[in-house]
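With UniProt numbering, the residue at position 58 of the sequence shown is 58, and numbering never jumps.
C-beta atoms are modelled at their ideal positions from N, C-alpha and C, and glycine is treated no differently.
As structure tokens, the structure follows; a few thoughts come after it.
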Amino acid sequence: MMITLVVDGIMTRRVLVQGLLRSYGVQTLGVDNGRDAVDLIAFDVKFDLIIFEKILPVLNGLDADS
């Protein structure tokens, strides 16, 4: 099963994207900032796809990608 991390500072949009992905059978996990996303990846959580909002609180998507 595919698992996707959705990183978006706006909860409504994050939940909408997660719902759309789930309707296609994709397992999702959502966080609201880049620091939480980096922490998940550092704990060796494996994702098939990561969707980042470009501008995020705490650590933006471009910096988190580095």
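How many Å lie between residue i and residue j at the Cα?
{"i": "residue 38", "j": "residue 22", "result": "23 Å"}
{"i": "residue 35", "j": "residue 17", "result": "20 Å"}
{"i": "residue 31", "j": "residue 9", "result": "8 Å"}
{"i": "residue 20", "j": "residue 40", "result": "22 Å"}
{"i": "residue 24", "j": "residue 49", "result": "14 Å"}
{"i": "residue 14", "j": "residue 44", "result": "22 Å"}
Nearest to residue i by alpha carbon, out of the options?
{"i": "residue 6", "options": "19, 29 and 36", "result": "29"}
{"i": "residue 27", "options": "54, 2 and 11", "result": "2"}
{"i": "residue 53", "options": "42, 33 and 45", "result": "33"}
So residue i and residue j are in contact, right, with Cβ under 8 Å, and what is the actual spacing, rounded?
{"i": "residue 47", "j": "residue 4", "result": "6 Å"}
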